[in-house]
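Those protein sequences? They're chains A and B, same order as listed. The numbers in my numbering rise by one with no breaks, and the one at position 163 of the first sequence is 168. The numbers in my numbering rise by one with no breaks, and the one at position 308 of the second sequence is 326. Here a beta-carbon is modelled for each residue, glycine too, at the ideal position from N, C-alpha and C.
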Amino acid sequence: MEDINFEELKTNGIKINYYYVCKRKLWLFDRKISMELSDRMILGQIVHQESYKRDKPKEVLIDNLISIDIVDNLNIREVKLSDKMALADKMQILYYLYYLKKLGINKKGIINYPRLRKREFLELTEKDEKEIEKTLIEINKILKSEKPPPVINSPICKKCSYFEFCYA
Amino acid sequence: MARRFYINSNGRIRRKENTLYFEREIDGEIEKKALPINDIDSIYIFGEININTKALNFLAQNDIPLHIFNYYGYYSGSFLPRKKNVSGSLIVEQVKHHIDNQKRQYLAISFIEGAVYHILRNLRKNGINKDDYQDIEKELFPKIFKTKTPEELMAIEGNIRDKYYQLFNKIIENENFYIEKRDKRPPSNPINALISFGNTLMYNTVLTEIYRTQLEPTISYLHSPQEKRFSLSLDLAEIFKPFIVDPIIFSLINNQVISLNDFDTDLNYAYLNEEGRKKFLKAYEEKLAKTIKHRKLKRKVSYKQLIRLECYKLIKHFIEDEDYKPFKAWW
């Protein structure tokens, strides 16, 4: 595969995440059609704010696109509520690692699930890089489409904040 | 579930740290009541209230609209906190559906279709003889689908509504509330006062729901955008007025909850007094909280939530996801 035009395709981490969760959610989110905060989302925010207070992570916002908690010289870290969306969360971190690599910074990643007392360690491989590049191209295609992708009719829909929107 | 707070008495809304209080004076003593901020959907003010910017800022932070009514229960205006979720691309689509006559007419007809469906439902449910509303069902209703302009549509709708209001007298079992003709601004008799008050509440409830979505409330289809500040609310309220407000009016009158004592009247006008307003608001709240199992969602939704779903369906129509079909109570 030839080199992708990263400057044109780069996007924020949440969109990478949504791509793996639901392409329709990705499209709606991009058009700023968002839903009210659900109790679950508020809980997620609180867990994010309240976890690992001792570590004083230094939050870095890069290009107004991605916001990363840099924990130490080696690792970046994300805090997640549950591992239900493990693939999406993993790809989001790998994307951050990819993004940093493009800026000449090499790091490893950790996903923390404080409520599950679990951690996952991530390293960016060449295969991951190819996958991310493919995803960036796909995301671009989806967002250019006039209409939203169809409803996915998956069991995860029931817990999604867009459930009533999609199925009404 | 967050609910609407109705303030009928005089007093002050005060913010103290992260709590909102309603204070009023009773026999020289200040009575203080905490309003749980997370449980407030919106606030409706009918009394004389003092409020300062500190409290308004707190309402804004929590996305709570404040609707103000004058002494007679007429709507004066709203404090709508700055919208947080705006979608430029959705507004563009909403405008496209307004300036294209065919697209605009499709939506205008849909709103009236929903309204007439519920009008007929009320007549059927209240045991009105089929012959009495045959002209609405068989002659006028089919005509709305052939109209080419909102004005033409409104004319037929006006016809339907005249006939419908005449049939009110067959539903209402108390001749004090018979309707001679529908008039507003000001309502001339108690039944008109009830209809006006109910419709005003509906308008504000719909507005609050629209406000919680990315829909732009000033761009409308059936009503002209010049008609009122938030005319999309008028459009959607058409569907819900006969579904929610009219049955409340029938039940308040026929169950003798409300009587002429609940009105203040003068030679030329009538309006609900505080007691009457409280009775209406109580019935209105109960109605909005009623639930029904939704056929597609397969979960319970409140009548209020049905209004929100209608907003979602409109958004889906605008983004070319799914054609809008008006809500029709299926039970």
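Cα atoms of MET220/B and LYS246/B: separation of roughly 15 Å, rounded to the nearest angstrom.
For ILE162/B, the closest of LYS148/B, ILE178/B, ASP150/B, GLU49/B by C-alpha to C-alpha distance is ILE178/B. Only exposed fits ASP149/B, as fewer than 16 other CB atoms lie within 10 angstroms of its CB. In the three-state reduction of the DSSP assignment, VAL84/A falls in the strand class, which pools E and B. The C-alpha of ILE228/B lies about 7 Å from the C-alpha of ARG326/B.
ILE146/B places its beta carbon less than 8 Å from that of LEU185/B. Burial of ALA288/B is indicated by the presence of at least 16 other C-beta atoms within 10 angstroms of its C-beta. Counting the other Cβ atoms within 10 Å of the Cβ of GLN152/B gives fewer than 16, which makes it exposed. If you draw a straight line from the Cα of ILE31/B to the Cα of ASN140/B, it is about 40 Å long. Contact annotation: the region 127-142 of chain B does not touch the region 90-99 of chain B, with fewer than three C-beta pairs closer than 8 Å.
PRO153/A reaches chain B at LYS334, ILE337, GLU338, ASP339, counting residues in chain order whose Cβ is nearer than 9 Å. Excluding residues up to 5 positions away in sequence, ASN187 lie with their Cβ nearer than 6 Å to the Cβ of TYR196/B in the same chain.
Its Cα nearest to that of LEU92/A, the residue GLU136/A stands out among GLU136/A, LYS146/A, GLU41/A. For ILE115/A and ILE147/A, the gap between their C-alpha atoms comes out near 29 Å.
For the region 33-66 of chain B, the set of positions with a beta-carbon nearer than 7 Å to some beta-carbon of chain A is empty. One Cα belongs to CYS162/A, the other to GLU340/B, and the distance between them is close to 18 Å.
Contact check between the region 58-74 of chain B and the region 272-287 of chain B: fewer than three CB pairs, one atom from each, fall below 8 Å, which does not count as touching. Residue range 264-272 is occupied by the alpha helix (DSSP H) that includes LEU270/B.
LEU129/A is positioned such that its CB atom lies no closer than 8 Å to that of LYS95/A. When the Cα atoms are used, SER277/B and GLU191/B turn out to be separated by approximately 12 Å.
Distance from LEU31/A to LYS20/A at the Cβ level is roughly 6 Å; contact confirmed, criterion being Cβ atoms closer than 8 Å. Rounded to whole angstroms, the separation of the alpha carbons of HIS115/B and PHE40/B is 43 Å. For LYS50/B, DSSP records a beta bridge to GLU41/B. Using beta-carbon distances, LEU108/B counts as an interface residue toward chain A, with a partner under 8 Å.
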